[in-house]
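The structure under discussion appears below in the form of structure tokens.
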Amino acid sequence: MGLVHDLRLYLVTDERPDLLPRIEQAIQGGVTCVQLRRKKITDDQFIEEALQVKQLCRQYQIPFAINDRVEIAREVEADWLHIGQEDKGILYARAIVGSNTKIGVSVHSVEEAIEAERSGADYVGVGALFPTSSKPDTIPLHLDTLRSIRKAIEIPIVGIGGITEENIKRIPADAVNGFAIISSILSAPDPKSAAIRMRKMADME
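All residue numbers for the sequence shown refer to numbering that gives the first Met the number 0, where the first residue is 0 and numbers rise by one.
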């Protein structure tokens, strides 16, 4: 699979007890990769869940990503690692996970995007593009900034933050290679149907 295609509909997990069945439903609906993002569980719990999600991703032949926990990404041999600006940095992460793991970096400005690319990021996550319940204190990024980031870097871009079926069309089609979704799929009554609808919209971009 090519990296750009893999990013088309990028599922990021939230904190919920029924996560695994909902992830599988989302994958069945067309999610192209899954990032395990869990802030409220121990390392041992994270590792156990990571191995379960990785097995699911292997079953459906899509990439599996870990959010933030660099050492765990190495331990479970995740396909991708995604880190934020507040983490130790891509050079540290690369030294831990090695060259086979693709690394994504969250960025919020042109300067951060250029630095991520210069440091060896494989893709960047840009946002939040809209108000989001997962990070309620975040001020949404102006879409003009997204356009400027697209012009400034060559690596793929994933738009993230509050993306819904209603606002996804507001994101410039030529500015992103994919969309990272949390609540619009995982909180839907039927995650599979939600993923099917979101995938169709993502493929039309």
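Ideal Cβ positions, reconstructed from N, Cα and C, are used throughout, including at glycine.
| Check | Outcome |
| --- | --- |
| Among S186, A94, G29 and S147, which has the Cα closest to the Cα of G161? | S186 |
| Using beta-carbon positions only, say whether S133 and I82 come within less than 8 Å of one another. | no |
| Taking the beta strand (DSSP E) that S105 belongs to, which residues open and close that run? | K101 to V106 |
| Are L19 and L55 closer than 8 Å when you measure CB to CB? | yes |
| Would you call the region 64 to 74 and the region 108 to 118 in contact, with 3 or more CB pairs under 8 Å? | no |
| For I89, which three-state DSSP category applies? | helix |
| Is it right to say S105 is buried, meaning 16 or more other beta carbons lie within 10 angstroms of its own, or is it exposed? | buried |
| Could you check the C-alpha separation between I26 and D5 for me, to the nearest Å? | 12 Å |
| If you count every other CB in all the chains shown that lies within 10 Å of the CB of L90, and 16 or more means buried, which is it? | exposed |
| How long is the line joining the alpha carbons of K199 and G126, rounded to whole angstroms? | 22 Å |
| Specify the secondary structure class of I180 as computed by DSSP and reduced to three states. | strand |
| Let me know the secondary structure DSSP gives L2 once reduced to three states. | Low per-residue confidence applies at L2: pLDDT is 46, beneath 50, and the placement is therefore not dependable, though the value from the model is reported in the following sentence. Helix. |
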